[in-house]
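With the first letter of the sequence shown counted as 1, position 176 gets the number 273 in this note's numbering; the numbers rise by one all the way through.
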Amino acid sequence: MELLAEGPHEAARLDALRRCHVVGTEPEEAFDALAELAAIVCDTPIALVSLVDETRLWFKSRIGFEHDSVPRELSYCDRAIRGDDVFVVHDISKDPEVAHHPLVAGPPHLRFYAGAPLRTSSGFNLGTLCVVDRIPRRLSERQLQALRTLARHVVDELESRADAALLRHELRTPLTSIRGALGLLASGAMGELGPEARNLVTIAERNAVRLVGVINGMLDK
């Protein structure tokens, strides 16, 4: 099984993933709750929010699975992000390409996979919300629909992170410039100021510093 070919679309997909600023971050309740719901609805012991980067699957949330990442090669999530709907494998052991994989041939002896692509509003599949079992099985249409719905909620969370990161940049950059300019004025580097003007500049600089702190606190939550 070959990885997605490198090219403009894959480069754009990876860029969209990076803009979310999520890969490598700590677990979050919002993602954990959605993964747990997927496991409950689909009645599986394992559920994952899997984000696919250049070489690996990194799990933003993992229910019933000890690894925080696995290689992208030979992964079903890599296959799932190539499509537009839930990718299902009823019995992994019957797939000759994957049957020898250590997680299939050995513990935890994975046998079932269903992954709904995490498709953004821009049309990029960043990863999957997937459920996995240790026995061959099938999902009902209601379970498949629930998995699709939960995947959309995961995408909402991911896109909110991307929007927040963009907002941080758009607010912090001009404020940092303003703060720097005010600092230069207050120091007299741009010419000596009168007492009243210097006092006003100092107050403005102090307020700019405070505003940057408030914005950082709000957007980093």
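C-beta atoms are modelled at their ideal positions from N, C-alpha and C, and glycine is treated no differently.
DSSP puts residue 228 in a beta bridge; with which residues?
-> DSSP lists 144, 211 as partners of residue 228.
From 115, 188, 156, residue whose alpha carbon lies closest to that of residue 233 | With distances taken between Cα atoms, residue 233 lies closest to 188.
Express the C-alpha separation of residue 252 and residue 174 in angstroms, rounding to a whole number.
-> Approximately 16 Å between the Cα atoms of the pair.
So is residue 183 buried or exposed if we call it buried at 16+ other beta carbons inside 10 Å?
-> Around the C-beta of residue 183, 16 or more other C-beta atoms lie within 10 Å, and the residue is accordingly described as buried.
Per DSSP, cross-strand counterpart(s) of residue 119 | Beta-bridge pairing links residue 119 to no other residue.
Which partner residues of residue 184 appear in the DSSP bridge assignment?
-> In the DSSP output, where bridge partners are listed per residue, residue 184 has 212.
If you draw a straight line from the C-alpha of residue 300 to the C-alpha of residue 311, how long is it?
-> Taking the CA atoms as reference points, residue 300 sits about 16 Å from residue 311.
With a Cβ-Cβ cutoff of 8 Å, do residue 222 and residue 110 count as a contact?
-> In contact: residue 222 and residue 110 (Cβ atoms closer than 8 Å).
Report the three-state DSSP secondary structure of residue 257 (helix, strand or coil).
-> Note: residue 257 maps to helix in three-state DSSP.
Take the Cβ of residue 238 as the centre, count every other Cβ of all protein chains shown within 10 Å, and call the residue buried at 16 or more, exposed below.
-> Answer is exposed; the Cβ neighbour count stays below 16.
Assuming residue 255 and residue 215 make a contact with CB atoms under 8 Å, what is their CB distance in whole Å?
-> Rounded to the nearest angstrom, the Cβ distance from residue 255 to residue 215 is 7 Å, consistent with a contact under 8 Å.
Residue range of the alpha helix (DSSP H) that includes residue 128 = From DSSP, the alpha helix (DSSP H) with residue 128 extends over 126-139.
Considering only the beta carbon of each residue, do residue 161 and residue 137 sit closer than 8 Å?
-> No. Outside cutoff.
To the nearest angstrom, report how far apart residue 284 and residue 294 are at their CA atoms.
-> Note on geometry: alpha-carbon atoms of residue 284 and residue 294 lie some 12 Å from one another.
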